[in-house]
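Engineer:
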Amino acid sequence: MNILMTYVRKYLMMNKSSTLLSILSLITASALFFLVSCLCVNTLISFNDSMIAAYGNYHAIYHNVSDEFADSLSLHAKVMQEDIIEIQKKIEVDCFLTKTKSSFTIAGMDQASFDDLKFVLLVGRFPVSENEILVSEAALTDSKISLDLHQKVMLDNQEYEVVGIIENNFFDNDSTSYTLISVLNGKSPKDLYVRYYNQKDSEAVSQQIVASFSGEFESFEMNSWYHLFHQADESHAVPLLIFFFALILLTFIAMNILLIRNCYKNSYANREKHLAILKTVGVTQLQCTTMILYEGLLLLIISLAIGIPLGWLLYDVLVNILNSLIYSVSVRSLTLGHHYREVILLISVIYVALTSFYFIRKSTKKIVVQNVTTTLQSSDEVEVMDHPYLQLEKKKPILIRLFHKNIRQNHRSYRHLIIGVTAIITLFILMNSLMGYLREGVFYDVNDHNYDVEVIIHDDTYPTRLMTQLKNAENVSAVVISESIRLYSSDVAALDYDYLQNILFNQNFYVEVIAYSDEVLQAFSHKAFGDEISVEKPWGILINQMYSSSQRRFYNIFKNTVIHDLYYDDQKIFSSLNLLMTNKLITGCGYQKQPQILVSRQLFREIYDQTGAVEHEYHVYFQSNDSASLVRQLNIINDSFGAGLEVVNVQKAFNDGKIFISLIRILSYGYILSLILMGILATSSIASVNFEYRKKEFMLYRALGLRMKDMMILVFVELLYYGIQIFAGSWVLSQTLNYLCYQLYFKSIGLQFFIPENSLLGSIIFFVSAITIFMCYIYIRMRTLRYSLILKNEITMM
Numbered sequence: 135m136n137i138l139m140t141y142v143r144k145y146l147m148m149n150k151s152s153t154l155l156s157i158l159s160l161i162t163a164s165a166l167f168f169l170v171s172c173l174c175v176n177t178l179i180s181f182n183d184s185m186i187a188a189y190g191n192y193h194a195i196y197h198n199v200s201d202e203f204a205d206s207l208s209l210h211a212k213v214m215q216e217d218i219i220e221i222q223k224k225i226e227v228d229c230f231l232t233k234t235k236s237s238f239t240i241a242g243m244d245q246a247s248f249d250d251l252k253f254v255l256l257v258g259r260f261p262v263s264e265n266e267i268l269v270s271e272a273a274l275t276d277s278k279i280s281l282d283l284h285q286k287v288m289l290d291n292q293e294y295e296v297v298g299i300i301e302n303n304f305f306d307n308d309s310t311s312y313t314l315i316s317v318l319n320g321k322s323p324k325d326l327y328v329r330y331y332n333q334k335d336s337e338a339v340s341q342q343i344v345a346s347f348s349g350e351f352e353s354f355e356m357n358s359w360y361h362l363f364h365q366a367d368e369s370h371a372v373p374l375l376i377f378f379f380a381l382i383l384l385t386f387i388a389m390n391i392l393l394i395r396n397c398y399k400n401s402y403a404n405r406e407k408h409l410a411i412l413k414t415v416g417v418t419q420l421q422c423t424t425m426i427l428y429e430g431l432l433l434l435i436i437s438l439a440i441g442i443p444l445g446w447l448l449y450d451v452l453v454n455i456l457n458s459l460i461y462s463v464s465v466r467s468l469t470l471g472h473h474y475r476e477v478i479l480l481i482s483v484i485y486v487a488l489t490s491f492y493f494i495r496k497s498t499k500k501i502v503v504q505n506v507t508t509t510l511q512s513s514d515e516v517e518v519m520d521h522p523y524l525q526l527e528k529k530k531p532i533l534i535r536l537f538h539k540n541i542r543q544n545h546r547s548y549r550h551l552i553i554g555v556t557a558i559i560t561l562f563i564l565m566n567s568l569m570g571y572l573r574e575g576v577f578y579d580v581n582d583h584n585y586d587v588e589v590i591i592h593d594d595t596y597p598t599r600l601m602t603q604l605k606n607a608e609n610v611s612a613v614v615i616s617e618s619i620r621l622y623s624s625d626v627a628a629l630d631y632d633y634l635q636n637i638l639f640n641q642n643f644y645v646e647v648i649a650y651s652d653e654v655l656q657a658f659s660h661k662a663f664g665d666e667i668s669v670e671k672p673w674g675i676l677i678n679q680m681y682s683s684s685q686r687r688f689y690n691i692f693k694n695t696v697i698h699d700l701y702y703d704d705q706k707i708f709s710s711l712n713l714l715m716t717n718k719l720i721t722g723c724g725y726q727k728q729p730q731i732l733v734s735r736q737l738f739r740e741i742y743d744q745t746g747a748v749e750h751e752y753h754v755y756f757q758s759n760d761s762a763s764l765v766r767q768l769n770i771i772n773d774s775f776g777a778g779l780e781v782v783n784v785q786k787a788f789n790d791g792k793i794f795i796s797l798i799r800i801l802s803y804g805y806i807l808s809l810i811l812m813g814i815l816a817t818s819s820i821a822s823v824n825f826e827y828r829k830k831e832f833m834l835y836r837a838l839g840l841r842m843k844d845m846m847i848l849v850f851v852e853l854l855y856y857g858i859q860i861f862a863g864s865w866v867l868s869q870t871l872n873y874l875c876y877q878l879y880f881k882s883i884g885l886q887f888f889i890p891e892n893s894l895l896g897s898i899i900f901f902v903s904a905i906t907i908f909m910c911y912i913y914i915r916m917r918t919l920r921y922s923l924i925l926k927n928e929i930t931m932m
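Just so we're aligned: the sequence shown equals residues 135 to 932 in the numbering used here.
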């Protein structure tokens, strides 16, 4: 047996190119399976952790609750966890002390609540007294006050010691304060953060609690992001993410199986005669089987010893690169981590080992049990006896006859290869289709604004001094001001049928009547209609289109150009109002569910003077290249005037909404590069295996006088024939699956059927590249092999 093992090792050393290609294929299969599995798992986990850090691990907040309410809710059957947070103190700071915030808030909590709400302590410890605090990374870097670890700082005439640094958290998200965490003191107002067992029922349970415990708390609000992201029946986010990454994993598993299969086919190519010769000198079938197993295990052990550490190293490098890219495009921090790497490593080793054992066993059964006499006889000779190669009595050109003969002869041996490559291309195209749906619609909302920051002022009269301060804010490139009131109507006959059926749920609706300056209105009317319109007439411009985010589609609002019976309370303002309809947008007016009518300032003042409307609002829209700095300035102005302004950082909200797509695009580069690498190796492996199996056939053609040019034409036609089969099959199958996915899933959320045109180009490039690699490989091997010597050896063996 030792002699046979030595023979195996010498054989591997003698066939270095074949052995190296086999080992390289196994290394790539194991390394990339580990790498892609880690990326998929950690992307899902890290994305979810990042969203929790930004928006909190809770369903609802009850503000300023009583102790009795907190005790009662802890016994509620549908409440999984409740966490008490005390808002102990809000400390206003000098406007020059922080870059983006205007105050600090001291929040008290215990260790259990800290853990439940998924705060991450980076360094230090949890506070144990009221004069100890934790600070976030953002507060540490943005504040001009020194908040380093163990630093003592004086805030509001009280000394605090920084005992720990935490990751950025949901307390600071869209807030004018940095939250500093301390311990509970039992004296401050309490907010109750609640998480339910069933997130799908969270809204209904919250409403029941509000109705049952009226007066036990000051106010209540839902965590809208948690509800949106985790509520699968509304946003479809979680199942779609899982499906997307499952499809990626399935694609790589299919590619892995093809690589491992070709690895062992390449290793065992044309081994039948060697084993048959060994049998003639007394080697038993069991010993032959052991040799094959030993060779396969040797390749497997070497490959795993290199491939898994290589995958581990590649993941570390790729995570660092991707995190850098993510930080450059994301507003909030999203970090790919290193979760479950040891478990994925074990799964990768088991998967590659089991797949290898399967193909080793399959190859063993195929080449060991063959009859010695049949094996020693040339396969070419057997073929000649039944079907002469050239069939010279026929008049067809020789290349056409050889092509037909090869297609018939190799049909079965190429069947698994065609199915495997077709499956991989199908999965790749389907994955691109899904990425298109993600990019175009799943988290899609209409970007109908062309401003960065909005300020809403609830005031009956024009606040001149306040407006002057707002207009003079720094980092502002343009300012547009509008004012609005709401008028009600029951003229449902004027509404479009689809809007009436899908959007309006009662027989009364309101329209938002909006006025801009006459200059802005004339510019918009010129843009929308091409002509200036007289501001003296009682008319309105209607933004006659709305977008339903739940149904992912647009609706027209009105079908008539006249609306009747517009009221404010019980007072009729218009018996009829003529409308000019447009789908174009103006700053501040978007595709909202409620109708928006633009009127002249003169007409608006007449309406307002007639009604004395209390729902009157001013809106100020800013364009700015530094929205965060502008928001801080506006908050300072708000505090100085005590005006109760609503300041909305629209640009930040829009950028936050793009983080998912940015993440998918960035990660897709890693997957595509991995696919390209595996595709190149798989193509090289397939070329090597097929050449080894057909080497004697090619040499025979050369010996019979077929020119190299004719040989390459023959190979090219065969490759083109199989390539067209794979290309057509993969596109038909992928688009069939794409259509089924669309009908079952994407159509219900209002998306349009998507055909990934870039995948068509990518598939063409793949097939052209594969054919080029095959042609080059065969040409080089044909030029370097001494076919006369090979044929002489074959004749001698016979």
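Built from N, CA and C at the ideal position, the CB exists for glycine as well.
So Tyr689 and Tyr644 are supposed to be a Cβ contact under 8 Å. How far apart are they, rounded?
Structural biologist: Wrong, their Cβ atoms sit about 17 Å apart, outside the cutoff.
Engineer: What separation, rounded to the nearest whole angstrom, lies between the Cα atoms of Phe181 and Ile300?
Structural biologist: Their Cα atoms are separated by approximately 18 Å.
Engineer: From Gln679, Lys706 and Asp699, pick the residue whose C-alpha is nearest to that of Lys693; which is it?
Structural biologist: Residue Gln679 is the option with its Cα nearest to Lys693.
Engineer: Between which residues of its own chain and Leu169 is the CB-CB distance below 6 Å, once the five residues before and five after are set aside?
Structural biologist: Gly445, Leu448 and Tyr449, listed in sequence order.
Engineer: Which residues bound the alpha helix (DSSP H) around Ala260?
Structural biologist: Here the sequence assigns Phe to residue 260, which means Ala is not the residue at that position. Element bounds for Phe260: n/a, residue is neither H nor E.
Engineer: Can you find at least 3 beta carbon pairs, one from the region 183-197 and one from the region 326-340, that sit closer than 8 Å?
Structural biologist: Contact between the region 183-197 and the region 326-340 is present, because at least three Cβ pairs lie under 8 Å.
Engineer: Among Ser263, Asp276 and Leu479, which residue has its Cα nearest to the Cα of Ser237?
Structural biologist: Considering only alpha carbons, the answer is Asp276.
Engineer: Return the CA-CA distance between Thr602 and Glu226, expressed in angstroms with no decimal places.
Structural biologist: Each residue's Cα considered, the two are about 24 Å apart.
Engineer: Can you look up Ile240 in the DSSP assignment and give me helix, strand or coil?
Structural biologist: Residue state, collapsed to three classes: strand.
Engineer: Going by DSSP, name the residue or residues bridged to Trp673.
Structural biologist: Paired residues: Asn712.
Engineer: Pull up the distance between the alpha-carbon of Leu318 and that of Val654, whole angstroms please.
Structural biologist: Looking at the two C-alpha atoms, the distance is approximately 54 Å.
Engineer: Using the Cα positions of Val287 and Phe248, report the straight-line distance between them to the nearest angstrom.
Structural biologist: Approximately 23 Å, taken between the alpha carbons.
Engineer: Give a yes or no on contact between the region 589-609 and the region 896-903, applying the rule of three or more CB pairs nearer than 8 Å.
Structural biologist: No contact exists between the region 589-609 and the region 896-903.
Engineer: Does the pairing of the region 707-723 with the region 546-556 give three or more beta-carbon distances under 8 Å?
Structural biologist: No, the region 707-723 is not in contact with the region 546-556.
Engineer: In this structure, what does DSSP give as the bridge partners for His197?
Structural biologist: Looking at the DSSP assignment, His197 forms a beta bridge with Ser353.
Engineer: My assumption, with CB atoms under 8 Å, is that Val647 sits in contact with Ile741. Please give the rounded CB distance.
Structural biologist: With 8 Å as the limit, Val647 and Ile741 qualify as a contact, their Cβ atoms being about 7 Å apart.
Engineer: Taking a contact to mean a Cβ-Cβ separation below 7 Å, would you say Ile563 touches Ser868 in this structure?
Structural biologist: A contact, by the Cβ cut-off of 7 Å.
Engineer: Answer with buried or exposed for Ala439, where buried requires no fewer than 16 other C-beta atoms within 10 angstroms of its C-beta.
Structural biologist: Result: exposed.
Engineer: Would Ala380 be called buried (16 or more neighbouring beta carbons within 10 Å of its own) or exposed?
Structural biologist: Answer is exposed; the Cβ neighbour count stays below 16.
Engineer: Between which two residues does the beta strand (DSSP E) harbouring Lys661 extend?
Structural biologist: Looking at the DSSP string, Lys661 is not in any beta strand (DSSP E); the run it does join, the alpha helix (DSSP H), is Asp652 to Phe663.
Engineer: Determine the extent of the alpha helix (DSSP H) in which Gly863 is found, giving its start and end residues.
Structural biologist: Note, Gly863: alpha helix (DSSP H), Met842 to Cys875.
Engineer: Does the region 337-349 come into contact with the region 216-226, if we say contact requires no fewer than three beta-carbon pairs (one atom in each stretch) closer than 8 Å?
Structural biologist: With the cut-off at 8 Å, the region 337-349 and the region 216-226 do not touch.
Engineer: Identify which residue in Val344, Phe708 and Asn457 has its Cα closest to the Cα of Gly471.
Structural biologist: Comparing Cα-Cα distances from Gly471 to each of Val344, Phe708 and Asn457, the minimum goes to Asn457.
Engineer: Kindly list the residues whose CB is nearer than 8 Å to the CB of Ile161, restricted to its own chain and excluding five residues on each side of it in sequence; keep chain order.
Structural biologist: Same-chain partners within the cutoff: Ser437, Ile440, Gly441 and Leu444.
Engineer: Assuming the contact rule is C-beta atoms closer than 8 Å, Leu561 and Leu384 should be a hit. Round their C-beta distance to whole Å, please.
Structural biologist: Contact holds; Cβ gap of about 6 Å.
Engineer: State whether the region 172-181 contacts the region 282-298, with contact taken as three or more CB pairs (one from each stretch) at a distance under 8 Å.
Structural biologist: The region 172-181 is not in contact with the region 282-298.
Engineer: In chain order, which continuous runs of the alpha helix (DSSP H) of length 4 or greater are located wholly inside the region 410-480?
Structural biologist: 419-463, all fully within the region 410-480.
Engineer: Taking the beta strand (DSSP E) that Phe248 belongs to, which residues open and close that run?
Structural biologist: First-last for Phe248: Gln245 to Asp250, but that is the alpha helix (DSSP H), not the beta strand (DSSP E).
Engineer: Please report the distance separating the alpha-carbon of Leu621 from that of Tyr701.
Structural biologist: Computed Cα separation, rounded: 5 Å.
Engineer: With DSSP collapsed to three states, give me the class of Asn396.
Structural biologist: Helix.
Engineer: Does Leu719 come within less than 7 Å of chain D when only Cβ atoms are used?
Structural biologist: Going by chain labels, chain D is absent from the structure shown, which holds only one protein chain.
Engineer: DSSP three-state label for Tyr681, please.
Structural biologist: In the structure shown, Tyr681 sits in a strand (DSSP, three-state: E or B).
Engineer: Under the rule that 16 or more other beta-carbon atoms within 10 Å means buried, what is Asn136, buried or exposed?
Structural biologist: It is exposed - the Cβ of Asn136 has fewer than 16 other Cβ atoms within 10 Å.
Engineer: If you compare alpha carbons, which of Ile387, Tyr835, Ile494 and Thr498 is closest to Ile481?
Structural biologist: The shortest Cα separation from Ile481 among Ile387, Tyr835, Ile494 and Thr498 belongs to Ile387.
Engineer: Around the Cβ of Thr313, are there at least 16 other Cβ atoms within 10 angstroms (buried) or fewer (exposed)?
Structural biologist: Buried, because 16 or more other Cβ atoms sit within 10 Å of the Cβ of Thr313.
Engineer: Taking 7 Å as the threshold (C-beta atoms), are Gln421 and Leu146 in contact?
Structural biologist: No; because the gap between Cβ atoms is not below 7 Å, this pair is not in contact.
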